[in-house]
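Peer 1: One gets our numbering by counting positions in the sequence shown from 1 and adding 5 to each.
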Amino acid sequence: MIKSNYVKIFDTTLRDGEQSPGATMTSAEKLEVARSLARMGVDVIEAGFPAASPDDLEAVRRIALEVGRPTPDDPEAEVPVITGLARANKSDIDKAWQAVQEAARPRIHTFIATSPIHMKYKLKMDPEDVIQRVSEMVGYARSLCADVEFSPEDAGRSEPEFLYVVLGEAIKAGATTLNIPDTVGYTTPDEFFALIEGIIRNTPGMHEGITISVHCHDDLGMATANTLAGIRAGARQAEVTINGIGERAGNTSLEEVVMTLKTRKPIFGLETGIQTPQIARVSKLVSNYTGIVVQPNKAIVGANAFAHEAGIHQDGMLKHQTTYEIMRPEDVGVNQSKLVLGKHSGRHALRSRLAEMGHSLDENELDKAFARFKELADRKKVITDLDLEAVIADEFYRPRDVYYLDGLQVTCGTIGMPTATVRLKGPDGKVHVQAAMGSGPVDAAYKAIDAIVKMPNTLLEFNIHAITEGIDALGEVTVRIQGENGLHTMDAQSELVYQRVFGGHGADTDIVVASTKAYLNALNKLIIAQTEGLEPAHANHTHGVMLG
């Protein structure tokens with residue numbers, strides 16, 4: 006087979022990534038992430054699992070309408086393929102088609118497990134029944150949509166000869182993309198290379214119109230290595246997530262695959278359509294919305310990825326950048342602002358810089374951003390790109406406010422008990438004031454909020470860091486909470502239903518204020534999810550807490 010030198014990037018941040026405990030995003034947040042992925046040049050966006058809940062179906066539908074179609078201003082613009090995941094049954098496939106059908110380039114992605122352990126214990130189906138189901142359901146999906154992707158779940162532990170038969174039936178039924186998932190991150194690069202090579206060579210009906218895709222999990226820390234091995238064997242679609250988020254240990258990360266192909270192009274001879282200078286911005290956006298902090302030593306997008314402390318490294322860097330950096334920070338969007346912004350800067354300068362960063366704001370949004378910018382500029386001498394990203398994330402695309410912070414006063418120190426007085430404006434428009442004591446100012450503020458909101462929850466994670474250096478740095482806080490009201494959601498792969506976890510984000514020069522904003526942000530998501538009844542569509546599955 007003649008292989009193209011172009012690798013499609015299939016991003017599943019909004020589906021597999023969002024299935025990370027605590028990574029749940031609101032519809033507005035998912036829409037903004039989808040817009041950012043499209044601007045970055047992602048070829049395929051897996052926008053969700055429509056059968057999981059009415060909210061997920063609606064989120065996928067909105068993305069299909071608003072991201073998956075050219076705008077009137079640019080009717081010839083290239084738009085990404087929008088796909089929804091569906092198990093191999095008519096109900097799921099119907100919901101996926103309902104969600105994606107209005108996209109200019111819709112796709113249905115359906116799957117069924119093919120490993121002996123999954124067929125025996127999860128599906129309770131014989132291999133012959135699985136083959137028949139694949140033929141029927143891929144054919145049904147193809148009757149609705151011209152672009153159908155099929156995945157044999159747990160392919161990494163499936164028998165290759167059985168895979169050839171199953172994939173051959175999928176091709177015969179009309180599948181256009183065959184995705185080979187290492188669902189539990191079990192294989193090694195050599196094994197995965199041989200698996201992909203064998204599939205290309207031995208699957209009946211394989212032809213140049215079929216795209217082989219790879220989807221690798223990171224349980225043994227080899228997701229990126231396995232993905233690259235699959236690509237070298239002939240796969241031409243890589244399924245990835247921003248920051249590598251996903252179930253359990255996560256997925257192959259977009260930034261690692263893309264930057265490996267770019268940095269080592271003489272080795273691979275392949276390219277993608279990703280606008281790499283946008284990587285850092287989208288990484289930050291996803292981290293803020295999910296509440297999952299990027300570890301400092303994370304490849305490409307971690308805070309230390311381009312930091313040098315050792316004297317030998319610093320000496321080398323001063324002499325020539327390439328001594329210790331194999332890629333330029335600017336290549337992934339980690340760069341200093343060319344336009345110094347401060348309290349004397351005007352609206353035009355702010356609009357220009359935000360546009361360079363990929364943010365397109367209307368006049369009303371610009372007014373709000375400018376007000377926040379001026380407020381911050383009164384407390385900081387220079388506003389960096391990272392500060393602006395934090396302001397945008399804090400100001401826009403968050404869930405609608407049920408309760409919002411109207412005032413906060415804390416007292417703390419070595420004398421007396423830390424005390425916080427919180428003033429919140431509630432959904433009824435009334436102002437609620439509450440004081441509480443705690444082990445520290447943040448604990449006191451959270452207890453005061455709990456007394457007002459009365460939404461029992463468990464604080465699972467609290468992270469705090471400075472956006473930039475200096476005593477006037479903007480502080481950023483992310484939290485993750487779990488409601489104690491039994492709210493659950495469904496995991497598409499395991500078909501388990503687990504308690505939902507909600508992330509919150511806040512930014513301010515006052516770290517207690519930032520902490521309070523983050524907690525309220527998470528609480529608002531929990532309240533909205535409960536009041537709108539976002540229970541899973543399949544409530545008959547096993548209940549339990551999925552810890553990844």
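All residues carry an ideal CB built from backbone N, CA and C; glycine is no exception.
Throw me the rounded Cβ distance for the N462 and G434 pair, which I believe falls under 8 Å.
Peer 2: Under the criterion of beta carbons closer than 8 Å, N462 and G434 do not qualify as touching, at roughly 24 Å.
Peer 1: Output the distance between the C-alpha atoms of T181 and E107, rounded to the nearest integer angstrom.
Peer 2: 20 Å
Peer 1: Closer than 7 Å by C-beta to H470: which residues in its own chain qualify, once you throw out the five before and the five after it? Chain order, please.
Peer 2: Sequence-distant partners of H470 (beyond 5 residues in either direction) whose C-beta falls short of 7 Å from its own C-beta, in its chain, are E481.
Peer 1: For the structure I just gave you, are there three or more beta carbon pairs, one from the segment 83-90 and one from the segment 120-134, closer than 8 Å?
Peer 2: Taking one beta carbon from each stretch, the segment 83-90 and the segment 120-134 have fewer than 3 pairs nearer than 8 Å; the two do not touch.
Peer 1: Name the DSSP bridge partner or partners of I469?
Peer 2: DSSP, once it has assigned bridges, lists V482 as partnering I469.
Peer 1: With 8 Å set as the bound, which would you pick, yes or no: does the beta-carbon of Q137 sit closer than that to a beta-carbon of chain D?
Peer 2: Here chain D cannot be found, since the structure has a single protein chain.
Peer 1: Just the Cα atoms here: how many angstroms apart are N554 and T246?
Peer 2: Nothing can be reported for residue 554: it is not among the residues displayed for the chain, which extend from 6 to 553.
Peer 1: Is V12 buried or exposed, if buried means 16 or more other CB atoms sit within 10 Å of its CB?
Peer 2: buried
Peer 1: For I113, which residues in the same chain have their Cβ closer than 8 Å to its Cβ, ignoring the five residues on either side in sequence?
Peer 2: T88, G89, A91, I98, A101, W102, V105, A146, L149, C150, D152, V153, E154
Peer 1: Rounded to the nearest angstrom, how far is the Cβ of F197 from that of A234, given a contact under 8 Å?
Peer 2: Correct: roughly 5 Å between the Cβ atoms.
Peer 1: How is S156 classed by DSSP in three states: helix, strand or coil?
Peer 2: strand
Peer 1: Name the DSSP bridge partner or partners of G509?
Peer 2: The partner list for G509 (beta bridge, DSSP) reads V484.
Peer 1: On the three-pair Cβ rule with 8 Å, is the segment 260-274 touching the segment 223-240?
Peer 2: Enough Cβ pairs lie closer than 8 Å, so yes.
Peer 1: Quick one: using the 10 Å Cβ neighbour count with 16 as the cut-off for buried, is A312 buried or exposed?
Peer 2: exposed
Peer 1: Taking the beta carbon of R67 as the centre, do at least 16 other beta carbons fall within 10 Å, making it buried, or is it exposed?
Peer 2: It is buried - the Cβ of R67 has at least 16 other Cβ atoms within 10 Å.
Peer 1: Taking only three categories from DSSP, how would you classify S218?
Peer 2: In the structure shown, S218 falls within a strand segment according to DSSP collapsed to helix, strand and coil.
Peer 1: Evaluate A360 with the Cβ neighbour count: other Cβ atoms within 10 Å of its Cβ, from every protein chain shown; 16 or more gives buried, anything less gives exposed.
Peer 2: Exposed, since its Cβ has fewer than 16 Cβ neighbours within 10 Å.
Peer 1: Return the chain-ordered list of same chain residues with a C-beta closer than 8 Å to the C-beta of P423, the five sequence neighbours on each side being excluded.
Peer 2: V415, T416, C417, M442, G443, S444, G445, P446, D448, A449
Peer 1: Buried or exposed: which applies to A69, given that a residue is buried once 16 or more other Cβ atoms fall within 10 Å of its Cβ?
Peer 2: buried
Peer 1: So, are the CB atoms of L381 and L525 less than 8 Å apart?
Peer 2: no
Peer 1: If distances are taken between C-alpha atoms only, which option among I250, T216, P55 comes closest to P26?
Peer 2: I250
Peer 1: State yes or no: is the C-beta of V189 within less than 8 Å of the C-beta of D223?
Peer 2: no
Peer 1: Between R352, G511, Q242, which lies nearest to S292 when the distance is taken from Cα to Cα?
Peer 2: G511
Peer 1: May I ask you to report which of helix, strand or coil DSSP gives M142?
Peer 2: helix
Peer 1: Say yes only if the C-beta of P432 is nearer than 7 Å to one or more non-hydrogen atoms of the ligand MN, and no if none qualify.
Peer 2: The model depicted lacks the ligand MN and carries no ligand whatsoever.
Peer 1: Where G509 and T295 are concerned, what is the direct C-alpha to C-alpha distance, given to the nearest angstrom?
Peer 2: 7 Å
Peer 1: Can you tell me whether Q24 is buried or exposed, with buried defined as 16 or more other CB within 10 angstroms of its CB?
Peer 2: buried
Peer 1: What number of angstroms, rounded off, separates the C-alpha of V298 from the C-alpha of T483?
Peer 2: 8 Å
Peer 1: Excluding sequence positions up to five away, which residues of its chain have a Cβ less than 7 Å from the Cβ of G321?
Peer 2: T328, Y329
Peer 1: Closest by CA to I457, which one among L465, E466, H437?
Peer 2: H437
Peer 1: Would I420 be called buried (16 or more neighbouring beta carbons within 10 Å of its own) or exposed?
Peer 2: With fewer than 16 other CB atoms across the displayed protein chains lying within 10 angstroms of its CB, I420 is exposed.
Peer 1: At 4 residues or longer, and completely inside the segment 235-264: list those alpha helix (DSSP H) runs for me, N to C.
Peer 2: Here no run is fully enclosed.
Peer 1: Would the beta-carbon of K142 fall within 8 Å of that of N207?
Peer 2: Here residue 142 turns out to be Met, not Lys, going by the sequence shown. No, Cβ-Cβ distance for M142 and N207 is not below 8 Å.
Peer 1: So is N248 buried or exposed if we call it buried at 16+ other beta carbons inside 10 Å?
Peer 2: buried
Peer 1: Here's the rule: buried if 16 or more other CB atoms are within 10 angstroms of the residue's CB, otherwise exposed. What is K343?
Peer 2: Low confidence applies here, because K343 scores a pLDDT of 44, under 50, leaving its location unreliable and the question unanswered by this model.
Peer 1: For G161, is the classification buried or exposed, using 16 other Cβ atoms within 10 angstroms of its Cβ as the cut-off for buried?
Peer 2: buried
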